[in-house]
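Presented below is the structure to which this report refers.
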Amino acid sequence: MSTVLFDSLRSWWPETILSAGALIVFVAASWTHNTRPVLALTWATLGASALALWQTPVPPATELFFGLIVCDPFSLVFRWLALVAVAMTVLLMGASNDIDVSLRGEAYGLLLLIAVGLMLMAEANHLLMAYVAMELVSLSAYVLAGFLDDSRSAEASLKYLLFGALSSGIMLFGMSLLFGLTGQLAFPDIARACTALSDPATQALSLIILLLLAGLAFKISMVPFHMWTPDVYEGAPVAVTALLSVGPKAAGFALLIRLMHALQVAWPPLVATVAALTIVTMTFGNLVALVQTNVKRLLAYSTIGQVGYLLIGFAVNTSVGLQALLVYLVAYLFMNLGAFACVVAVVNESGSESLDAFRGLATRAPGLALACSLFLLSLAGIPPLVGFIGKFLLFGAAIEGRQMWLAVAAAFNSAIALYYYVNLIRLMYFGRPVQRTPFRVAPAIRLALGVCAVATLALGLLPGALLSVIHAQAILNLL
Amino acid sequence: MTVRALLWLAHALFCIGIFGILTRRHAIGLLLSIELILNAAALNFVLFSRVFGHAQAQAFALFIIALAACEAGIGLAIILRLSRYTKTVLADDVHVLKG
């Protein structure tokens, strides 16, 4: 038994370091109210974890901890995504002035715990692990959403908790029924048991999948479980919103893909439902985004729209679709975090989250306006940015998977989305500024903006590198 | 026979929980309803673990209980915090956000 544990730990150092680091950060944060050493500890933890992840050997697929966790190239992609997303959030949180300084230490600890949870969600190979990982992410996120000292933030966190607990409860009930149907808890065993099911049991399986989908749809804010998204995004601190818009989405998709891979047998009757929900998700998100006046709400609805595009890759359920989904997730991580970094800079300066705060940004902070336009155009899917590559692959996957409707709806939606993204750019360049004083962007935000901008441009101009990594790594062992 | 009866019980708990979510206005009532749903799932796990002789599922029920306690702890803390600002715990009366 102990040899299994030690062998497992060898591939699991990144998570171990992050968990230990989070606990140390919590203790340090309660010890001192000076954020500097706590921030240094957080960065040391993130750095050590990244180094460990770099050094981790990646065999085709290894089951760790008695089959609770599987380390494979697919999960490796998501572990890097989680680490990058959390590192960016730490940068933004250090630079933003909305969270009280005495509370920041705890926030860093919670962010590290979220990173562990996100990694575990992508690695889960067992119903128990999937549930615990999701709860780890959710519980930390509920607390983080309420970190501001006002009623909006407290209400956002209560709403997030109630919706989150309900959807995870429904998913848990689905898991218990899945166990009742198959008698197995580990995903590979479940997949084996499902192929042996008789006809009426397969129909029951479809119902169970809908229950499971409830929990994951909440995480990725897919219609009809999207209601919390705009309110929570509006109430939470901007840096936390930035993380919520990418981290749990990526990990949610990872878990969704893994679960559906195990339940492949029950897929055919569900294709139409998922495709319909995909179209509704993107159309709803993009249409409601048109009328928003608060930039966080605008980005929340834009997130729902983007999740709709991502769902195409899932709905077509082919290896091409899966590759497109992964590529778009990487693209989305950088462009959305970049867009939120701009919001952090603007909210820091003006204290307002209204779209009017962006008026005339180009004259006040030309670099920031340029970077912001870059991210917005990438989100809209304009070549040669990385968002275009991702969308191109997703649309291609829809056509190749003979789901023309998805491709048509997505193209239609891209046109709608272009309006509100370009509208924001118009405000920045042609709007009359409320104030004319130039403002300086904090160095940490500049760093975050720089990383995201370089990634958005470079991956867009040279997509070959990204495609070869994701193709070789992720597709081989799944599908 | 007992399996069937217990399955009915678990599903009834689940349905009562969903009904509570849809009808309750009190934030604490909502938390209680969610607790019912979690317990329904835990009951299912214990029941099926007896049926299949699968010990891991019993552990699953323990994890559910622990995580439900965490959720209730955080939920109550958030409700307490919100009630300081708004002086109410009725979920309907709190609408600073548009929803």
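From first to last, the protein sequence lines stand for chains A and B.
Going letter by letter, the first sequence gives residues 16 to 494 in our numbering.
Going letter by letter, the second sequence gives residues 2 to 100 in our numbering.
Beta carbons are placed, not taken as given, at the ideal position from N, Cα and C, and that holds for glycine.
- With contacts defined by Cβ atoms closer than 9 Å, L107 of chain A and F299 of chain A do not form a contacting pair.
- Only those residues of the stretch 76-89 of chain B whose C-beta falls short of 7 Å from the nearest C-beta of chain A are listed: G76, I79, I80, R82, L83, Y86, T87.
- With the rule of 3 Cβ pairs closer than 8 Å, the stretch 468-480 of chain A counts as touching the stretch 392-404 of chain A.
- Of the other Cβ atoms in all chains shown, 16 or more fall within 10 Å of the Cβ of R312 of chain A; this residue is therefore buried.
- At a Cβ-Cβ threshold of 9 Å, I38 of chain B and L143 of chain A do not count as neighbours.
- Contact between V53 of chain A and Y123 of chain A holds: their C-beta atoms lie close to 6 Å from each other, under 8 Å.
- Secondary structure at V449 of chain A: coil, using DSSP grouped into helix, strand and coil.
- The secondary-structure analysis by DSSP pairs C209 of chain A with nothing; it has no beta-bridge partner.
- Here S166 of chain A carries a helix assignment [DSSP, helix/strand/coil].
- For the pair N351 of chain A and L409 of chain A, the CB atoms are not nearer than the 9 Å cut-off.
- Residue pairing by DSSP puts A139 of chain A in a beta bridge opposite A:I84.
- In this structure, A62 of chain B lies away from L33 of chain B, with their beta-carbon atoms at least 9 Å apart.
- Considering only beta carbons, the part of the stretch 152-171 of chain A lying closer than 8 Å to chain B consists of L154, Y157, V158, G161, D165, S166, R167, A169, E170, A171, in chain order.
- When the beta-carbon positions are compared, V466 of chain A and L370 of chain A stay at least 9 Å from each other.
- Residue A:A171 holds the alpha-carbon nearest to the alpha-carbon of M242 of chain A among A:T308, A:D204, A:A171, A:V261.
- Chain order gives no chain A residues near H27 of chain B, where near means a beta carbon separation below 9 Å; the closest approach is about 12 Å.
- With a cut-off of 8 Å on Cβ pairs, the stretch 242-251 of chain A is not in contact with the stretch 208-218 of chain A, counting fewer than three such pairs.
- Going by beta carbons, L133 of chain A and V101 of chain A fall inside the 9 Å limit.
- For F41 of chain A and S367 of chain A, the gap between their C-alpha atoms comes out near 31 Å.
- Out of A:F194, A:G416, A:A55, A:G353, the CA that lies nearest to the CA of R461 of chain A is found in A:G353.
- DSSP places L313 of chain A within a helical segment (H, G or I) once states are collapsed to three.
- Interface residue (Cβ-Cβ distance to chain B less than 9 Å): I294 of chain A is not classified as such.
- V238 of chain A sits buried, since 16 or more C-beta atoms from the chains shown fall within 10 Å of its C-beta.
- Contact residues of the stretch 175-198 of chain A toward chain B are L176, L177, A180, L181, G184, I185, L187, F188, M190, S191, L192, F194, G195, G198 (C-beta to C-beta distance below 8 Å).
- Counted as a single uninterrupted DSSP element, the beta strand (DSSP E) harbouring T77 of chain A occupies residues 77-79.
- The Cβ atoms of F202 of chain A and A277 of chain A sit closer than 9 Å to each other.
- When the alpha-carbon of L477 of chain A is set against those of A:S153, A:V342, A:W27, the nearest one is in A:V342.
- In the DSSP assignment, S23 of chain A falls within the unbroken alpha helix (DSSP H) covering 17-25.
- Excluding five sequence positions before and after V303 of chain A, the CB atoms of its chain that fall closer than 7 Å to its own CB belong to Y316, given in chain order.
- Interface residue (Cβ-Cβ distance to chain B less than 9 Å): E121 of chain A is not classified as such.
- The beta carbon of L325 of chain A sits closer than 8 Å to the beta carbons of I235, K264, F268, L340, Y343, L344, Y347, L409 from its chain, once the five residues preceding and following it are set aside; these are given in chain order.
- The way I'd put it, the stretch 443-463 of chain A doesn't touch the stretch 327-337 of chain A; fewer than three beta-carbon pairs between them come closer than 8 Å.
- C-alpha of L227 of chain A to C-alpha of L48 of chain B: approximately 20 Å in a straight line.
- Annotation: Cβ neighbours of F53 of chain B in chain A (cutoff 7 Å, chain order): G198.
- Here D204 of chain A has T197 as same chain residues with Cβ atoms under 8 Å from its own Cβ, once five neighbours each way along the sequence are excluded.
- Bounds of the alpha helix (DSSP H) holding R379 of chain A are 376-379.
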